[in-house]
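Residue numbers (the numbering used here): -18 to 92.
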């Protein structure tokens, strides 16, 4: 009887371990495509550049992080008054654009 209990416990433990391994492996495989998809979105967002000298306010607000319609319009007005931007740091002269906003968008800008 004692041998039977040991055998039964051993069989249950083996079954438990095997089913736990199978369950643990499944979510890891399922999560992998989601990670790849996130990386792809990030890469696509970084490769989408906007020419700050020719873009409309609407295009600017859609393409840049932390830039809404009001700040985008301020960028266009500044450009119309002072001429084309030649470097990213000039955006700091636009009211409402700070260093943090510039740093978030620096890689998205072309001139």
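Positions of the beta carbon are idealized from the N, C-alpha and C atoms, including for glycine.
Which of helix, strand or coil does DSSP assign to residue 3?
Unreliable positioning characterises residue 3 in this predicted model, as indicated by a pLDDT of 45, which lies under 50. A coordinate reading is not provided.
Comparing alpha-carbon positions, which option in 68, 75, 88, 69 lies nearest residue 62?
The shortest Cα separation from residue 62 among 68, 75, 88, 69 belongs to 75.
Got a sec, what are the start and stop residues for the alpha helix (DSSP H) residue 57 sits in?
Here the alpha helix (DSSP H) through residue 57 covers 50 to 63.
Taking only the alpha-carbon atoms, compute the straight-line gap between residue 80 and residue 45 and give it to the nearest angstrom.
The straight-line gap from Cα to Cα measures roughly 14 Å.
For residue 65 and residue 58, I'd like the C-alpha separation in whole angstroms.
Going by the C-alpha atoms only, they are around 11 Å apart.
From residue 89 to residue 69, what distance separates their C-alpha atoms?
Each residue's alpha carbon lies about 10 Å from the other.
I'd like to check one pair, residue 82 with residue 32: are the Cβ atoms closer than 7 Å?
For residue 32 and residue 82, no; Cβs fall outside 7 Å.
What is the DSSP secondary structure of residue 26, reduced to helix, strand or coil?
Residue confidence for residue 26 is low, a pLDDT of 47 falling below 50, so the modelled location carries little weight and cannot support an answer.
Taking the beta carbon of residue 50 as the centre, do at least 16 other beta carbons fall within 10 Å, making it buried, or is it exposed?
So residue 50 counts as exposed.
Hey, quick one: how far does the alpha helix (DSSP H) through residue 38 stretch, first residue to last?
Here the alpha helix (DSSP H) through residue 38 covers 38 to 44.
Would you identify the three-state DSSP class for residue 67, choosing helix, strand or coil?
Looking at residue 67 - three-state DSSP - the assignment turns out to be coil, as it is neither helix nor strand.
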